[in-house]
Structures are given as C-alpha cells and as structure tokens.
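Keeping their order, the protein sequence lines are chains C and D.
Numbered according to the working numbering, the first sequence spans residues 18 to 246.
Numbered according to the working numbering, the second sequence spans residues 5 to 125.
Think of the CB as a built atom: it goes at the ideal place given N, C-alpha and C, for glycine as much as any other residue.
First comes the structure, then the notes that go with it.
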Amino acid sequence: MIRTVSVLAILLVLGALAAAVVPHLGMPRELAGVGREYARDGMEVTGSANLVTAVIVAYRGLDTLGEVVVLFCASTSVVLILTLFPLGVRPSPPSRIVEHTARVLPAPILLFAFYFIAHSHLSPGGGFPGGTVMASAFLLVMLGSTSVPGRSGSLPAIEALAGISFGLLGFWGVLTAGQFLNNRVLGTGTPGQLVSAGLIPLISIAIGAKVASEFSGVFAAFRKTGGME
Amino acid sequence: MSLFYWTVAGTGAGLVIVGLWGVLSRKNILRIALAFTLADTGVNLLLVWSGFLPGRTTPIIDGTVTASEAAASVVDPLPQALVLTSIVIGVAVAALFVVVAVLASRRLGTADVRRMKELRW
Numbered sequence: 018m019i020r021t022v023s024v025l026a027i028l029l030v031l032g033a034l035a036a037a038v039v040p041h042l043g044m045p046r047e048l049a050g051v052g053r054e055y056a057r058d059g060m061e062v063t064g065s066a067n068l069v070t071a072v073i074v075a076y077r078g079l080d081t082l083g084e085v086v087v088l089f090c091a092s093t094s095v096v097l098i099l100t101l102f103p104l105g106v107r108p109s110p111p112s113r114i115v116e117h118t119a120r121v122l123p124a125p126i127l128l129f130a131f132y133f134i135a136h137s138h139l140s141p142g143g144g145f146p147g148g149t150v151m152a153s154a155f156l157l158v159m160l161g162s163t164s165v166p167g168r169s170g171s172l173p174a175i176e177a178l179a180g181i182s183f184g185l186l187g188f189w190g191v192l193t194a195g196q197f198l199n200n201r202v203l204g205t206g207t208p209g210q211l212v213s214a215g216l217i218p219l220i221s222i223a224i225g226a227k228v229a230s231e232f233s234g235v236f237a238a239f240r241k242t243g244g245m246e
Numbered sequence: 005m006s007l008f009y010w011t012v013a014g015t016g017a018g019l020v021i022v023g024l025w026g027v028l029s030r031k032n033i034l035r036i037a038l039a040f041t042l043a044d045t046g047v048n049l050l051l052v053w054s055g056f057l058p059g060r061t062t063p064i065i066d067g068t069v070t071a072s073e074a075a076a077s078v079v080d081p082l083p084q085a086l087v088l089t090s091i092v093i094g095v096a097v098a099a100l101f102v103v104v105a106v107l108a109s110r111r112l113g114t115a116d117v118r119r120m121k122e123l124r125w
C-alpha cells in the first residue's frame with residue numbers, strides 16, 4: 018500500500034513537472050543554434066550528403082570514439098561475467114521454422130548490412146545500425162543450429178583491428194592537419210558519390226566491424242552459457 | 005500535423021511513465037529490465053521529437069533537398085545523431101542489466117527483488 022502510493026506520488030510529481038514545461042515548448046518553425054549550422058554547412062564541410070552521419074562521424078567524431086569505448090566496456094563485461102559464472106544450461110534445438118529461416122536469411126541480411134555501412138554518408142544508415150544488423154545475421158545462424166560456438170580468436174581480432182584503425186585514422190588527422198579525427202585528410206570529393214566525404218566511409222566501416230564483432234561476441238557468450246533459452 | 009506532433013510527444017512521455025512505473029512497482033527482476041528498456045525507448049522518442057520541425061524532411065541532401073536550402077527544409081540532425089548514440093548505449097546497458105539479473109536470480113534462487121535480501125542495507 019505504502020509502496021503503491023509512493024510510486025504513484027513519484028510519477029505524479031514527474032508528470033506535473035513535464036506538464037509545467039509543455040506550455041513553454043510550442044512548435045518550433047526554424048532550426049536554431051548548432052543544428053542550423055550543421056544543416057547549412059554540413060555537406061560543404063564534411064562532403065557527406067547524410068547530415069546525421071556528418072554530425073556523428075565528423076563533427077562529433079571524438080564523442081563517437083568515446084561511445085565505441087563505452088560499448089566495448091559493456092560488451093567485455095557481459096562476456097567476462099558469462100565466462101566467469103557460466104549458467105550451465107544447454108541450448109534447446111531450434112524449431113523447424115527457425116532452422117530453415119537460418120539457412121536462407123543470413124545472406125540477404127549481410128548484404129543489407131554491407132549496404133548500410135558502405136552508404137552511411139549517402140542514405141540512412143551507418144556503422145552502428147549496420148554492425149547491429151550484421152550481428153543479427155550471426156545470431157540467426159547461431160539460433161538455427163544446436164552446436165555451441167567454440168573459442169573464437171577471429172572475433173576479438175576483428176574487434177581490436179577495427180578499434181585500432183579508428184584511432185589510427187584519428188591520428189592521421191593529427192599528423193597532417195593538426196587535429197584529431199580531421200575529416201578532410203582525404204578529399205571530400207563530390208557529395209552524393211559513393212567515394213566521397215573524406216574519412217567518413219572508412220570510419221563507418223571500422224565502427225561497423227567493431228559493433229558487429231562485439232554484439233556477435235555477446236550473443237556467442239550467451240549461447241555458450243545457455244542464457245538465451 | 006499538430007496532432008501528429010503532440011501524439012509523438014505523448015507516446016514518448018507515456019513510454020517513460022510506464023517504464024518508470026514498471027521499474028518502481030514490478031517484483032520480477034527481468035520485468036524491471038524490460039520496463040527499463042521501455043523508459044529508454046520513450047526518452048529516445050522524445051529526443052527525436054525535440055528536433056522535429058513541421059513540414060520538413062529528413063536531414064539528407066539529395067535530389068529533393070539542395071545544399072543551399074538545406075537549413076530551411078530539413079529537420080534538426082543533431083538530436084537524431086544523439087539518439088543513435090543513446091540507442092547503442094541503451095542496448096549495451098540492457099545486455100549488462102540482463103546478465104547481472106539472470107546471474108543474481110540464479111545465485112539467490114529467486115527472481116523476486118523483494119526476496120533478494122543480500123541487496124538490502
């Protein structure tokens with residue numbers, strides 16, 4: 018009873034705070050502040066037709082590097098915990114539908130993931146969603162079989178290589194342009210072309226490889242310990 | 005358009021409220037994890053909503069949006085970039101949450117947070 022009342026009280030206070038803010042919001046009609054600058058100069062400065070990617074990889078590339086580090090810490094913790102404290106449950110065999118889907122779908126999913134990553138500066142997509150889609154193909158393959166993944170050296174190797182290349186691409190800017198992660202060390206080319214936008218496609222590939230290998234490692238750790246059933 | 009605008013805001017706020025309610029009132033730790041991801045989704049939706057401008061299109065410059073009029077015809081790209089970060093971190097935190105929750109319920113023999121006496125002080 019006390020519990021319910023206190024929960025309701027907390028939610029009511031939060032709701033009242035939100036309701037107090039709403040009348041001051043209105044509906045904006047114009048871009049303001051830094052968003053306006055990104056929309057106006059984004060393509061000119063970075064060569065990327067996709068302004069969201071321009072913000073993520075070029076303008077705020079350092080933050081993205083930090084985000085990759087956070088993701089690395091979280092996925093490493095998950096794998097570490099599951100390796101140290103195995104749950105000891107065997108995976109159950111897949112249903113017939115999953116088994117057959119897992120033979121057909123991974124190839125188109127992978128193709129879509131490659132498109133997502135390679136066209137991150139042209140159309141919606143990028144390293145993070147592309148890497149996640151790629152890892153989902155891996156997950157489907159794993160769910161479609163009864164075998165448990167063994168010790169893999171290639172996933173950590175890909176992950177390390179991708180992380181190191183992100184850092185090295187950043188230092189390339191330090192050496193030639195005096196700025197970490199300077200996007201213009203490579204020419205920006207013609208915006209809208211596949212080969213354009215400076216470092217953005219290369220960094221997207223590095224992020225995609227890193228995210229895909231990290232999520233795949235997490236899925237494999239769950240599978241090995243049997244936590245997915 | 006105004007209806008759509010406030011519907012999206014209401015959905016985001018509703019997801020946050022439902023998620024917080026679930027985190028505070030549910031007993032099963034996996035349901036708490038699920039409620040947590042609901043609140044996370046609501047926050048992401050509100051962030052994207054905050055960059056919405058009526059009658060404008062996606063922040064991608066192509067045949068329909070030229071570079072010179074981009075600032076007057078696209079929505080704010082900054083919240084969308086922030087939300088991408090937020091989604092990825094949310095997934096990582098949720099994975100960690102679930103792993104710790106499953107381990108805790110295994111070790112303590114219950115998934116009921118009221119009976120996890122080791123966590124009390």
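Collapsed DSSP secondary structure at Val30 (chain C) in the structure displayed:
Here Val30 (chain C) sits in helix by DSSP.
Outcome for Asp116 (chain D) when other beta-carbon atoms lying within 10 angstroms are tallied against a minimum of 16:
Burial is judged here by how many other beta carbons sit within 10 angstroms of a residue's own beta carbon; Asp116 (chain D) has fewer than 16 and is exposed.
Determine the DSSP secondary structure at Ile93 (chain D), reduced to helix, strand or coil.
In this structure, Ile93 (chain D) counts as helix in the three-state DSSP scheme.
Give, in chain order, every residue of the stretch 29-47 of chain C whose Cβ lies closer than 9 Å to some Cβ of chain D.
Residues passing the 9 Å Cβ filter: Leu31, Gly32, Ala35, Val39, Leu42, Met44, Pro45, Arg46 and Glu47.
Is Met120 (chain D) helix, strand or coil by DSSP?
Residue state, collapsed to three classes: coil.
Can you give me the Cβ contacts of Ile175 (chain C) inside the same chain, cut-off strictly under 6 Å, excluding the 5 residues immediately before and after it?
Result list for Ile175 (chain C): Ala226 and Ser230, in chain order.
I believe Thr15 (chain D) touches Leu38 (chain D) by the beta-carbon criterion, under 8 Å. Please report the beta-carbon distance rounded to the nearest angstrom.
No, Thr15 (chain D) and Leu38 (chain D) are not in contact; Cβ-Cβ is about 18 Å, not under 8 Å.
Check Val103 (chain D) in the structure and name its three-state DSSP category.
Reduced to three states, the DSSP call for Val103 (chain D) is helix.
Any idea if Val191 (chain C) is buried or exposed, counting beta-carbon neighbours within 10 angstroms, 16 or more meaning buried?
Exposed is the call here.
At a Cβ threshold of 8 Å, is Phe102 (chain C) touching chain D?
Taking Cβ atoms only, chain D reaches closer than 8 Å to Phe102 (chain C), which makes this a yes.
Would you call Arg111 (chain D) buried or exposed, if buried means 16 or more other Cβ atoms sit within 10 Å of its Cβ?
Classification of Arg111 (chain D): exposed, given that the 10 Å Cβ count is below 16.
Measure how close the beta-carbons of Gly215 (chain C) and Val202 (chain C) come, nearest whole angstrom, since I'm counting them as under 8 Å.
That belief holds up - the Cβ atoms of Gly215 (chain C) and Val202 (chain C) are roughly 7 Å apart, short of 8 Å.
Outcome for Gln210 (chain C) when other beta-carbon atoms lying within 10 angstroms are tallied against a minimum of 16:
Gln210 (chain C) is exposed by the Cβ-count criterion.
Excluding the five sequence neighbours on either side, which residues of its own chain have a C-beta within less than 7 Å of the C-beta of Thr205 (chain C), listed in chain order?
Excluding sequence neighbours, Thr205 (chain C) sits near Thr63, Gly64, Ser213, Ala214 and Gly215.
Quick check on Pro208 (chain C) - is its C-beta less than 8 Å from some C-beta in chain D?
Yes, its Cβ sits closer than 8 Å to a Cβ of chain D.
Spell out whether any CB of chain D is found under 8 Å from the CB atom of Arg107 (chain C).
By the rule that beta-carbons nearer than 8 Å mark a contact, Arg107 (chain C) does not touch chain D.
Contacts of Ser92 (chain C) in chain D (Cβ-Cβ under 8 Å)
Annotation: Cβ neighbours of Ser92 (chain C) in chain D (cutoff 8 Å, chain order): Ala96 and Ala99.
Under 9 Å by beta carbon: chain D residues contacting Glu61 (chain C):
Neighbours of Glu61 (chain C) on chain D, chain order: Ala71.
Closest to Gly180 (chain C) by C-alpha separation, out of C:Thr81, C:Tyr132 and C:Asn200, would be which residue?
Selected option, being the one with the closest Cα: C:Thr81.
Starting from the beta carbon of Gly55 (chain D), find every residue of chain C whose beta carbon is closer than 8 Å, and list them in chain order.
Correct list: Gly52.
Looking only at its own chain, which residues have a Cβ that is under 7 Å from the Cβ of Ala105 (chain D), when we skip the five neighbours before and after it?
Apart from sequence neighbours up to five positions away, the residues of its chain that approach Ala105 (chain D) with a beta-carbon distance below 7 Å are Ile33, Leu34 and Ala37, ordered along the chain.
Cα-Cα separation between Ala98 (chain D) and Leu156 (chain C), rounded to whole angstroms:
A straight line joining the alpha-carbon of Ala98 (chain D) with that of Leu156 (chain C) spans about 17 Å.
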